[in-house]
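Data block below; observations after.
4 protein chains.
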Amino acid sequence: MCGIVGVSGPEHAAELAFLGLYALQHRGQEAAGICAVEDGQARLRREDGLVMEGFDDAAMQELRGRVALGHTRYSTAGGEGLVNAQPIVVRYHSGELALVHNGNLTNAQSLREELVREGALFRATVDSEVIVHLIARSRRANPDEQVHEALSRLTGAFSLLITIGDTLYAARDPWGYRPLVLGRLPDGWVLASETCALDLVRAEFVREVEPGEVLKIQDGELIPLPGLGRAARVQPCIFELVYFARPDSKVWGETVDRARREFGRQLAREHPVEADCVFSVPDSSNSAALGFSEESGIPFELALIRNHYVGRTFIHPTQAGRDFRVRIKYNPVREVIEGKRVVVVDDSLVRGTTSQGLVSLIREAGAKEVHFRVASPPVRSPCFYGIDMPTREELIGARLSVEEIRRKLDVDSLGYLSLEGMLGAVNGGRPFCTACFSGDYEAPLVDLERGLPVQAHC
Amino acid sequence: MCGIVGVSGPEHAAELAFLGLYALQHRGQEAAGICAVEDGQARLRREDGLVMEGFDDAAMQELRGRVALGHTRYSTAGGEGLVNAQPIVVRYHSGELALVHNGNLTNAQSLREELVREGALFRATVDSEVIVHLIARSRRANPDEQVHEALSRLTGAFSLLITIGDTLYAARDPWGYRPLVLGRLPDGWVLASETCALDLVRAEFVREVEPGEVLKIQDGELIPLPGLGRAARVQPCIFELVYFARPDSKVWGETVDRARREFGRQLAREHPVEADCVFSVPDSSNSAALGFSEESGIPFELALIRNHYVGRTFIHPTQAGRDFRVRIKYNPVREVIEGKRVVVVDDSLVRGTTSQGLVSLIREAGAKEVHFRVASPPVRSPCFYGIDMPTREELIGARLSVEEIRRKLDVDSLGYLSLEGMLGAVNGGRPFCTACFSGDYEAPLVDLERGLPVQAHC
Amino acid sequence: MCGIVGVSGPEHAAELAFLGLYALQHRGQEAAGICAVEDGQARLRREDGLVMEGFDDAAMQELRGRVALGHTRYSTAGGEGLVNAQPIVVRYHSGELALVHNGNLTNAQSLREELVREGALFRATVDSEVIVHLIARSRRANPDEQVHEALSRLTGAFSLLITIGDTLYAARDPWGYRPLVLGRLPDGWVLASETCALDLVRAEFVREVEPGEVLKIQDGELIPLPGLGRAARVQPCIFELVYFARPDSKVWGETVDRARREFGRQLAREHPVEADCVFSVPDSSNSAALGFSEESGIPFELALIRNHYVGRTFIHPTQAGRDFRVRIKYNPVREVIEGKRVVVVDDSLVRGTTSQGLVSLIREAGAKEVHFRVASPPVRSPCFYGIDMPTREELIGARLSVEEIRRKLDVDSLGYLSLEGMLGAVNGGRPFCTACFSGDYEAPLVDLERGLPVQAHC
Amino acid sequence: MCGIVGVSGPEHAAELAFLGLYALQHRGQEAAGICAVEDGQARLRREDGLVMEGFDDAAMQELRGRVALGHTRYSTAGGEGLVNAQPIVVRYHSGELALVHNGNLTNAQSLREELVREGALFRATVDSEVIVHLIARSRRANPDEQVHEALSRLTGAFSLLITIGDTLYAARDPWGYRPLVLGRLPDGWVLASETCALDLVRAEFVREVEPGEVLKIQDGELIPLPGLGRAARVQPCIFELVYFARPDSKVWGETVDRARREFGRQLAREHPVEADCVFSVPDSSNSAALGFSEESGIPFELALIRNHYVGRTFIHPTQAGRDFRVRIKYNPVREVIEGKRVVVVDDSLVRGTTSQGLVSLIREAGAKEVHFRVASPPVRSPCFYGIDMPTREELIGARLSVEEIRRKLDVDSLGYLSLEGMLGAVNGGRPFCTACFSGDYEAPLVDLERGLPVQAHC
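Residue numbers (our numbering), protein chains in the order written: chain A, 1 to 458; chain B, 459 to 916; chain C, 917 to 1374; chain D, 1375 to 1832.
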């Protein structure tokens, strides 16, 4: 997963891109990149780690110009330092081109093979690189058409921001897998993965970019371009609502907090329990736990304290107890838990290892009964549309039955939100991509079906 | 304010000190230091910033030995990089001596003047340096007596951990201003500012070090030494419960979360209001807001989302809008707030500037009414016992009446917890230092009364 | 100008490349890069500054494999940090390709235009990038032929080392502008810009790579490939002998020290003078000054002491006296100079600013007469074959007559070595490129004639 | 060994101190420190490595004020990073005190024991720290007398520069072991270890500070203070002339280049040989080799090329051949050496390991005969007055006879300059410290005689 932002208009566009990335930091902490365009010339800076750490005032002052792109990278896939970081910046026959991409192409490897055969040179392993090659190789007369031709060849998930010279393009794949929102500034436009980025730069939320839509911003004007077509069944990723997006963002027309609250309420209806208190695994399941409490009437508690100073590279091998990685992040409030029948609400269960550690902490703190509630269905299938997930073998929900998982977690009861319950809790009848829960993959898995390795994605 | 930790016994004592500092990171993010003693030789490392950032594996492997001290520094006072950072390590006639100090001496400058007249050389401006000079100049026969003689000359607040050779000393001032707890390890002992540090190193909580008590740990044995006397009125700092300590810690015999919950309940009783929801300023007032909700029956909400990626050096001058520093840290969830009568609970009001920014954010998000509740009395007097506070002129509670503050914050109502209510909410009848609220200073303000400048403290 | 090195065979090829670069450090201090190939996979590291500074043990251990390339970069042209640094590493249809280049193509921009039109993406502005595109776009069946086809399209100066998978290629342009020598290791082969690199890795000098020759090293075997043809008039750069190469290297079949000694002797014959001592501008004109002394019988002295600690970024604006940059680098030995008639021998005169500063230092030190001798002809024309030189306007020899220069330098007499004298001093009759002195450009200046900007070169 | 510089008067004194250190960089590359005093307040910066690397413009701008001290550190003794680096800066009853020291006290440990008994705290192991304690503990009424009293207690070698508030003190020990020269600026004064530092800051050389002299500079005025007495036999270090000082400096009333030239001439007289050429080990024996050539008539050659890019931390264990450290630094010019009978002149022979490596390089390059000449007597005794030398066991001249050394070096003949010849070559009859050659120690070796460990020195 990644966060992207694009700005066109204000004098120091890169500063707004910086703030946008800061608001989107939860979408990727591995690397950050900003590219600013001045008079058609792109200046790029990419750094490992958080945007706050890598971009000081001196760095920002270099990034001049009224157009800027930003990217925060989640995955370590691809490795090799910053080679796979974004924005990607290249020079081609129509000028300097920069690109940021959130999503994962399902035909990247197939396209890459074809391009390589034709003599294209690849620097990175990230699939976004094929897009810039497709644009550069287009025989169309102008950048608008080159971009259109290139994007038409892509299958899978992409929310894209591209600059060619001083022009900014924004596009989403026909299925609309990954979010991208449009905001209005007094003196320009902002595009970002989530509305929380618009809030911080004080842009007014206008609307989502639509599935298959291609927009262009030039000289302050927003111009709709011929689109890529809208898929018959659009597929906005429901996992954004479950876990990924910030609760204060509006995603798929919903405030994330409200959706999670509803998941929690529905979960309480589906899996009621007698208990003394309910609490979250902070901060990702706060909303769901509060919803559970509201519906069930069981008092809401703050029973786990999260240490926010966890560094990225902390590994002291001598401390490698089974639960240490959990213990370094969470500490229980014994007085709240001791002697109680507790309900722990988590947003989702992927590998299950953190949950195991948490339950053992909670038991040590004296809980009489531990009831585990998950505000989404079992994760059973890998995501090919941009969410970093482990292989199917590592997914606890793919390997074990609910009862087996209950025993493994050592809890008195375990309840998952049903797929129907989850879909019913969000704006009714609208289609979503639920592939990780249901295994239903809508956009063709071209590479996978040809037996090609799946690429590093974002 | 600072956090301190001392370890004696385990093979890699410094690793436990590291973990202890990590758990105490909220007590100081400015600098971190660890000193490890092996065969009487002290190795020291001090770094700016967080302990996770400054101490990698290679650094930790250098810090060998079964005895270690750690310190996290809060204040930037004293400046000049690491000169004022701790542990302080010196060589004197009885060997290598290391010291960490939490608190603030009220006669530091007077002692310093005397020592300087006698030819003592000072490197730093931090008041802790006088303690090592007093120990080194003692004419007593052995370290135990030298430490005792030196500490007897100190007035004010000190929780101290000292190593001389491989021996570890722990002491608290007679008033007991600052916390210090003792924990048992399978193979040794840990002393730390808060119990959350004991939890992370899996030490068993034994008891607080008593006011005026001096302990010594040698060869695995805990030996009580002659004490400094217990003050007639002990003065544990109530601000630790209000704001400073972690909610999962036990301080002054109370779980901090429980105390704050009670503050919130009492606040609801003292300042009831008709409203649609109550929420906290995360994370410091979470417990109090929950208590307020429980007592008042007004639903608890999560209406402010905190960005935990705030860096230490973020200043982009062009963004310097009045509320920008608030905005970069908090974002409201509009859907929760819009059209509602809201109660905002904060733990305390010091300068009032952050609260002003927050209220303006909350109003922008569409709140119909904003009722501000503070889970402690007005802060009216500076602290001379170790809490970093602004000067009296900057304390909003010292300058303005409650009604004036209400207008300044632009809220519909404002209510502070009463001093009596606060004291009644914690274990009854026990004395506390409430100087910042009441102006009652128990330990003599020696330097201040002599017109000497107050030193950088910790 | 740049230095390049390639190694094939030994277990840790990158370590030998490192040593080779260290020996070639005088050919470029701006950036250093090493790429090592293991099982066809190339690992790359490029760092600003000296090779000693950028490549520590940890870095070297990453660079595994029996094949390695190295590059030291002289020019800051192209800017943008390391984007223009080498080795260039790309993936194309025949595997991973790495390239280092010393020289300057005269048709780079023309080729680039053509490639860009076809959709090629360029990352850097350095002309070497066109070569990798030409190889990748070749339709030939195998790497040998692809390399041959690509190199056949190049005009101008290139000494190239290329790896494709584990195969190492070496080539020189048909004119043989820039040096490249072949050395034998017990377990492999080394190619380098100068023999001093062979000395340090203890390789046995075998021979120069010939103009137009293409070699391939695979599995320890040296295989001659079809060449590019040898130019009718080969053009080894005489400026390598004048200034660039190290005196202990053998270049163009000559020990550089011997050639410079001869230049000095011939200079003494052409411009005799009555004087008390002769000295060099250390270290570049040591050999020439010694030759002058030997021929003239005037005693050789060490009158200027050079400070070798000069950093790359030293600019203290307040010190910006006219001669400060000279003064920080050289200090005269007053006792040697005072009251004497001195001969100063320099290797060449480009801008003339350093010489002016030196003369003023020497006069201040009390010289009675200053006779300036230059061991090469006036530099009058820019180099398009790889030597970084200022524009024609900045070349003092292009703007002023010898008498005008003498007055500008404020010396009692000035003598340049004649072109004929210079050519006569080296192995007789053999052609050289003397374009910077004579303006005779042999390889066609394709881009220049088409009015295209000349690219950053190396 | 170390280099020191002090400046009083000019507006940005620290910039001149910086330049002074740059000129004195050969006296120490381990660490550099500058302290600047403004209105009695001292600002300090100390960095590992070269002064050019550690002090950029931003750093220099912090170092404001008209008084400054600088220090370059040679030794790694004492270890522990910058703890032992200078200037030492402390606060004591008369204000802020800063100190730089070149030399080695022979009673440092005895004084330290006494100070520690009295309760003094030491941070570092460097012996200079005792001096600041002695000043701070003096009961005298004013800084002038405190400094005098403190220095009177010192035995051994010290050239000192001290600031107390804005006053600058300069002093040399009664024997005058280490150099210290005084220079005049248009707007102030400079003191430095060598005259080359005066040259670079364009100060006029005034005179040496005399043995036992104490000077004070205040408000632009140079004031002689009561001295420490001049020893009956002054002891200027002859090794400064042999090796340490820069050839363009004037030391002990001699231009170093001239002294070394004379050593070379006398060496030629004492140890004549039939040979084809003579050369130096650049750059330290350039002058001596030239003198040898002048006297003997054997042609002077440049046969060894030195690589000046050697980094400080270069250790690649796999390259650890016996001669590798020599090979990385020097490369022979084969054409000059091959088939010749050569004379190699070195300045001194300490351990002999480098010379062994050099001889083997020279033999490999084809020398027919190798005659080794050393322009000083055998080094047989350690220095206790400030030159870093190995223990007696490691001194080849202490362990082996001249014939044994000749065989060890594998040379055809070996000749050392005699002690008498050396003394005769410099200004006649004047006494020198020749302890490292003769074992005659003039200043009492107090600590050594009491069996105390000798301290880290400078």
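Beta carbons: idealized from backbone N, C-alpha and C, even for Gly.
Margin query: Please report the straight-line C-alpha distance between C/S1165 and D/G1713, rounded to a whole angstrom.
Written below: Spanning the alpha carbons of C/S1165 and D/G1713 requires a straight line of approximately 18 angstroms.
Notebook entry, point to check: Opposite A/D346 in the DSSP bridges: which residues?
Noted result: A/V374
Notebook entry, point to check: Are the region 1205-1214 of chain C and the region 1271-1280 of chain C in contact at 8 angstroms, needing three or more beta carbon pairs?
Noted result: no
Notebook entry, point to check: Run through DSSP, which three-state label would B/E796 get?
Noted result: coil
Checklist line | Rounded C-alpha distance that separates B/E662 from A/T353 | finding: 26 angstroms
Next item on the list: Evaluate contact between the region 563-577 of chain B and the region 505-513 of chain B, counting only Cβ atoms and requiring at least three cross-stretch pairs below 8 angstroms.
Entry: no
Checklist line | Proximal chain C residues relative to D/I1679, where beta-carbon distance stays under 7 angstroms | finding: For a Cβ distance threshold of 7 angstroms, residue set R1162, P1163 and D1164 of chain C lies close to D/I1679, ordered along the chain.
Check: Cβ of D/T1541 less than 7 angstroms from any chain C Cβ?
Finding: no
Check: Is the CB of C/R962 under 7 angstroms away from at least one CB in chain D?
Finding: no
Checklist line | Span separating the alpha-carbon of A/G20 from that of B/R485 | finding: 30 angstroms
Item checked: Close-in-space but distant-in-sequence residues of the same chain around B/Q693 (CB under 6 angstroms, 5 per side omitted) -> The answer, listed in chain order, is W633, Y635, C891 and E900.
Check: Going along the chain, which residues of its own chain have a beta-carbon closer than 7 angstroms to the beta-carbon of B/A747, five neighbours each way excluded?
Finding: Around B/A747: G722, V736, F737, S738, F758 and V803.
Notebook entry, point to check: Can you list the residues of chain C that A/F122 reaches, using a CB-CB cut of under 9 angstroms?
Noted result: What A/F122 touches in chain C: V1006, R1007 and Y1008.
Notebook entry, point to check: Which class does B/D868 belong to by DSSP, given the choice of helix, strand or coil?
Noted result: Coil at B/D868, not helix or strand.
Note to self: Runs of 4 residues minimum, wholly inside the region 545-629 of chain B: which ones carry the alpha helix (DSSP H) assignment?
What the structure shows: Counting only runs of 4 or more residues that sit fully inside the region 545-629 of chain B, the alpha helix (DSSP H) segments are 566-575, 586-595 and 601-610, in chain order.
Next item on the list: Determine the contact status of B/A556 and B/C493, defining contact as a CB-CB distance below 7 angstroms.
Entry: yes
Notebook entry, point to check: Would the beta-carbon of D/R1546 fall within 7 angstroms of that of D/S1533?
Noted result: yes
Check: Who are the neighbours of C/P1248 on chain D, taking C-beta pairs under 8 angstroms?
Finding: D1622
Notebook entry, point to check: Can you list, in chain order, the residues of its chain whose CB lies under 6 angstroms from that of B/S743, leaving out five sequence neighbours each side?
Noted result: V803, D804 and D805
Item checked: Closer than 7 angstroms to chain B by CB, D/A1451 -> Low confidence applies to D/A1451: its pLDDT is 49, below 50, so where it sits in the model is not reliable, and the reading given next is rough at best. So no, D/A1451 is outside the interface.
Next item on the list: Compare the C-alpha of C/R1174 against each of D/L1559, D/E1709 and D/R1581 and name the closest.
Entry: Of D/L1559, D/E1709 and D/R1581, the residue nearest in Cα terms is D/E1709.
Notebook entry, point to check: Helix, strand or coil for A/S8 per DSSP?
Noted result: Strand.
Check: Taking D/P1706 as the reference, which of D/G1594, D/N1681 and D/A1498 has the closest Cα?
Finding: D/N1681
Item checked: C-alpha gap between B/N542 and B/H591, whole angstroms -> 15 angstroms
Notebook entry, point to check: Hey, how far is the Cα of A/T163 from the Cα of B/E511?
Noted result: A straight line joining the alpha-carbon of A/T163 with that of B/E511 spans about 36 angstroms.
Next item on the list: Closer than 7 angstroms by beta-carbon distance: list the chain C residues that pair up with D/I1761, in chain order.
Entry: Neighbours of D/I1761 on chain C: none; closest Cβ ~21 angstroms, over 7 angstroms.
Next item on the list: Mind checking the region 1093-1114 of chain C against chain D and listing, in chain order, the residues whose C-beta falls within less than 8 angstroms of any C-beta there?
Entry: C1112
Check: Closest by CA to A/T255, which one among A/L185, A/C196 and A/I328?
Finding: Per the Cα distances, A/C196.
Notebook entry, point to check: For B/H774, does the three-state DSSP call read helix, strand or coil?
Noted result: Low confidence applies here, because B/H774 scores a pLDDT of 45, under 50, leaving its location unreliable; read the following figure in that light. Three-state result, B/H774: coil.
Next item on the list: Please confirm whether B/F697 and B/I845 have their CB atoms less than 7 angstroms apart.
Entry: yes
Check: On the three-state DSSP scale, how would you describe B/F842?
Finding: coil
Margin query: Let me see if you follow: with CB-CB separation under 7 angstroms, is B/G577 close to chain D or not?
Written below: yes
Next item on the list: State the Cα-Cα distance for the pair C/E1107 and C/M1305, rounded to the nearest angstrom.
Entry: The question names Glu, yet the displayed sequence has Leu at residue 1107 of chain C. If I take the Cα positions, the gap works out to 26 angstroms.
Notebook entry, point to check: What does A/I328 reach in chain B if we use C-beta pairs closer than 8 angstroms?
Noted result: L477, Y480 and L658
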